[in-house]
Amino acid sequence: MSKGVTKQSVDYSKWYTDVVLKAELADYGPVKGTMIIRPYGYTIWEKIKEAADNMFKETGHVNAYFPMFIPESFMKKEAEHVEGFAPECAVVTHGGGKKLEESLYIRPTSETIIWSAYKKWINSYRDLPILINQWANVVRWEMRTRLFLRTTEFLWQEGHTAHATAEEAEIETKKMVEVYRQLAEDYMAMPVWVGVKTDAEKFAGAVHTYCIEAMMGDKKALQAGTSHNLGQNFAKAFDVTFLSKDNKQEYVYATSWGVSTRLVGGLIMCHGDDKGLVLPPKVAPYHVVIIPIWRKEEDRVAIMEKVDLLTKEFKEKGIRYFVDDNPQQSPGWKFNQWEMKGVPLRMEIGPKDVEKGHTVIVRRDIKSKEFIPFKESSDYIKNLLPIIQDGLFQKALKFREENTHVVENYDDFKTALNKGGFIKVFWAGSGKDEEKIQKETKATVRCIPFEQNDGTGTCFYTGKPADKIAIFAKSY
RNA sequence: CGGGGCGUAGCGCAGUCCGGUUAGCGCACCUGGUUUGGGACCAGGGGGUCGCAGGUUCGAAUCCUGCCGCCCCGACCA
85 MSKGVTKQSV DYSKWYTDVV LKAELADYGP VKGTMIIRPY GYTIWEKIKE AADNMFKETG
145 HVNAYFPMFI PESFMKKEAE HVEGFAPECA VVTHGGGKKL EESLYIRPTS ETIIWSAYKK
205 WINSYRDLPI LINQWANVVR WEMRTRLFLR TTEFLWQEGH TAHATAEEAE IETKKMVEVY
265 RQLAEDYMAM PVWVGVKTDA EKFAGAVHTY CIEAMMGDKK ALQAGTSHNL GQNFAKAFDV
325 TFLSKDNKQE YVYATSWGVS TRLVGGLIMC HGDDKGLVLP PKVAPYHVVI IPIWRKEEDR
385 VAIMEKVDLL TKEFKEKGIR YFVDDNPQQS PGWKFNQWEM KGVPLRMEIG PKDVEKGHTV
445 IVRRDIKSKE FIPFKESSDY IKNLLPIIQD GLFQKALKFR EENTHVVENY DDFKTALNKG
505 GFIKVFWAGS GKDEEKIQKE TKATVRCIPF EQNDGTGTCF YTGKPADKIA IFAKSY
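In the numbering used here, each residue's number is its place in the first sequence (first place is 1) plus 84.
So, in structure tokens, the structure goes:
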């Protein structure tokens with residue numbers, strides 16, 4: 085097996101796969117398109133999940149769990165829904181050794197089953213709002229899969245809320261896309277554009293789709309999370325009504341929002357480099373890996389004594405650590421291995437360090453090496469983690485800005501697109517214009533950002549007056 | 001579903017074009033010893049239905065036919 089990962093510049097896609105496999109984030113499952121999430125990768129997902137879950141709860145949501153089997157009749161109730169999902173569904177036809185009377189769909193998403201429950205639970209405006217989130221696995225028989233980015237089965241959360249008014253649903257939709265922004269930027273150090281999808285790109289059946297869009301290391305865009313204002317469309321489809329204060333039957337207003345294990349893929353491609361993964365401290369399984377180095381047994385004893393003192397402090401200070409004292413591997417091997425796994429900090433302690441009363445602390449992000457007195461080491465690390473976290477965010481932001489091109493006409497647009505990256509333009513085109521642009525250039529409108537500070541101008545494509553800027557890019 | 005690539009030890013590969021002793025190599029693994037500050041070394045060792053099925057042949061990893069699987073690139077999607 086080759087030692088490192090393929091260089092990004094040689095083959096970005098190979099680099100990505102190498103990182104996932106060699107950093108032991110995931111492995112291929114036995115069924116095409118499936119993925120085994122290994123402990124190291126799963127821990128990253130758990131960190132992301134934990135942060136998201138806390139924010140959901142802070143914003144008034146509760147978790148619940150709905151079954152993964154959906155009766156075929158449910159799927160057929162809502163024509164548009166079936167059309168969208170039926171072809172990519174896995175269907176269970178047998179159970180207990182017998183053919184089932186009714187086939188069971190494995191959920192590709194849970195709208196049908198959740199809204200069938202909501203129909204039972206909602207009678208009056210007093211039953212609203214319902215603010216439920218579910219952490220679950222879903223299955224979509226995708227044609228083309230990629231580890232974390234698009235797998236046949238994946239883990240996600242899906243929020244499904246029900247409201248009495250359109251205003252309330254809109255507030256909820258915006259609130260949740262803001263939660264996603266925070267998750268991406270504050271925890272994953274991944275800068276995102278927050279905005280609204282064009283009609284061409286929005287979720288089928290949604291009134292609006294809000295999203296967060298991030299730039300990956302190859303300058304392509306990744307849709308990292310979506311929040312849909314479903315208006316009354318879903319309530320009408322599933323016939324969910326409530327009696328309002330003034331005694332009128334009204335359809336419920338709905339929202340749904342989700343992020344998935346795709347975020348782990350985004351994390352890899354946002355920060356990774358030619359040595360492998362680079363993890364922001366907040367989502368890293370370990371903040372620091374301690375590598376003791378010794379020649380003689382007496383050195384080992386003295387070193388491990390120091391290590392024990394340090395790890396005790398780490399525990400008290402909430403620093404996540406791993407002591408790699410495996411005698412089978414050389415320090416050099418471990419250095420490379422942990423760099424590939426993206427641990428933010430490495431601490432070396434050898435005989436020379438014990439003698440001099442310091443530790444060696446090496447940063448993964450900027451490759452700096454510092455000698456820090458023992459007594460200051462844990463505080464030093466504690467203080468350094470937020471600096472690394474912020475540094476990664478700033479670096480990613482700078483990368484995005486450097487690769488965002490502002491253009492005023494279609495020729496410049498095409499030229500800029502060849503360089504890769506995001507393209508910021510005034511936009512007043514139609515869905516058809518968008519389609520034409522996509523056919524010709526493979527670029528799509530990633531979003532119309534909420535943040536609009538550029539006044540008015542002329543649409544780069546149609547030449548019409550425009551009061552909105554849009555972000556175009558090629559995307560995953 | 002279209003295009004490309006690949007299936008040989010746990011992993012990565014060579015051998016296949018042009019059939020011929022016992023199917024090799026690197027890493028990993030096991031034993032013993034020396035080692036450990038940027039992917040250690042020496043010695044010994046274990047591990048193979050060559051993707052599956054059929055055919056051609058005295059003889060098939062190698063040639064022929066069929067099938068299966070996986071990866072990558074496109075159209076669809078989180």
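No residue lacks a Cβ here, since even glycine has one placed at the ideal position from N, Cα and C. Just so it is clear, the structure is predicted and the values come from calculations on it, not from any experiment.
Tell me, which residues are paired with G360 by DSSP? D357
Please report how far the alpha carbon of S514 lies from the alpha carbon of K286, in whole angstroms. Cα-Cα distance, rounded: 14 Å.
If you follow the alpha helix (DSSP H) that W422 is part of, which residue opens it and which one closes it? 415 to 424
From P155 to N217, what distance separates their C-alpha atoms? 21 Å
Near K320, what residues of its chain come up, given a Cβ to Cβ distance below 8 Å and the 5 sequence neighbours on each side ignored? Excluding sequence positions up to five before and after K320, its CB lies within less than 8 Å of the CB of Y335, all in the same chain and listed in chain order.
Is the distance from the Cβ of P565 to the Cβ of H442 below 7 Å? An answer regarding residue 565 cannot be provided, because it is not within the stretch 85 to 560 covered by the chain.
L394, DSSP secondary structure in three states: helix
When you compare the CB positions of D357 and K91, do they come within less than 7 Å of one another, or not? no
For N317 and W99, the rounded distance between their alpha carbons: C-alpha separation (whole angstroms): 43 Å.
So, at 6 Å on beta carbons, what are the nonlocal neighbours of L306 in its own chain, with the 5 sequence-adjacent residues on each side left out? A298, M300, G350, Y560
At 4 residues or longer, what runs of the alpha helix (DSSP H) sit wholly inside the region 453 to 485? none
Using the rule of at least 16 other Cβ atoms within 10 Å of the residue's Cβ for burial, across every protein chain shown, is T229 buried or exposed? buried
Span separating the alpha-carbon of L105 from that of K523: 34 Å
In the structure shown, what three-state DSSP assignment does F238 receive? strand
Measure how close the beta-carbons of T525 and E518 come, nearest whole angstrom, since I'm counting them as under 8 Å. So it is not a contact: roughly 11 Å between Cβ atoms.
So does the region 170 to 189 actually touch the region 252 to 266, counting three or more Cβ pairs closer than 8 Å? Too few Cβ pairs lie closer than 8 Å, so no.
For A368, is the beta carbon positioned less than 6 Å from some heavy atom of the ligand PLP? This structure lacks the ligand PLP; in fact it carries no ligand of any kind.
Closest residue to T488 among F455, K558, C543 (Cα-Cα distance): K558
Per-residue burial, T499 [other beta carbons within 10 Å of its own, 16 or more giving buried]: Exposed, because fewer than 16 other Cβ atoms sit within 10 Å of the Cβ of T499.
Taking V446 as the reference, which of A512, I507, E439, H371 has the closest Cα? H371
Could you check what DSSP says for P435 in three-state terms: helix, strand or coil? helix
Please list the segments of the beta strand (DSSP E) lying wholly inside the region 295 to 347, counting only runs of 3 or more residues, in order along the chain. 305 to 315, 325 to 327, 333 to 335, 337 to 344
Cβ separation of G342 and W240, assumed to be a contact under 8 Å, to the nearest whole Å: 5 Å
Among residues of its own chain, excluding the 5 on either side of S462, which ones have a beta-carbon nearer than 7 Å to its beta-carbon? L394, E397, F398, K401, I403
According to DSSP, is W99 helix, strand or coil? helix
Separation of I190 from K116, as counted between CA atoms: 17 Å
Relative to the C-alpha of T540, which residue among T293, I198, A512 is closest? Relative to T540, the option among T293, I198, A512 whose CA is nearest is A512.
Span of the beta strand (DSSP E) around D111: 110 to 112
Among the residues of its own chain, which have a CB less than 6 Å from the CB of F406, if the five just before and after it don't count? Y370, V373
Quick check on the DSSP output: the beta strand (DSSP E) that includes Q218 runs from which residue to which? Unbroken beta strand (DSSP E) run through Q218: 214 to 223.
For P364, is the classification buried or exposed, using 16 other Cβ atoms within 10 angstroms of its Cβ as the cut-off for buried? buried
Between K329 and the rest of its own chain, which residues show a CB-CB distance below 8 Å, the 5 nearest in sequence each way excluded? For K329, where only same-chain residues beyond five positions count, the Cβ hits under 8 Å are Y209.
Between the CA atoms of D449 and M431 - distance to the nearest angstrom: 14 Å
What residues are listed by DSSP as bridge partners for W277? E297
Under a three-way DSSP split, which group does F556 fall into? strand
Taking R532 as the reference, give the member of V444, E242, G279 with the closest Cα. With the sequence shown as reference, residue 532 is identified as Ile, and Arg is not the correct amino acid for it. Nearest to I532 by alpha-carbon distance, out of V444, E242, G279, is G279.
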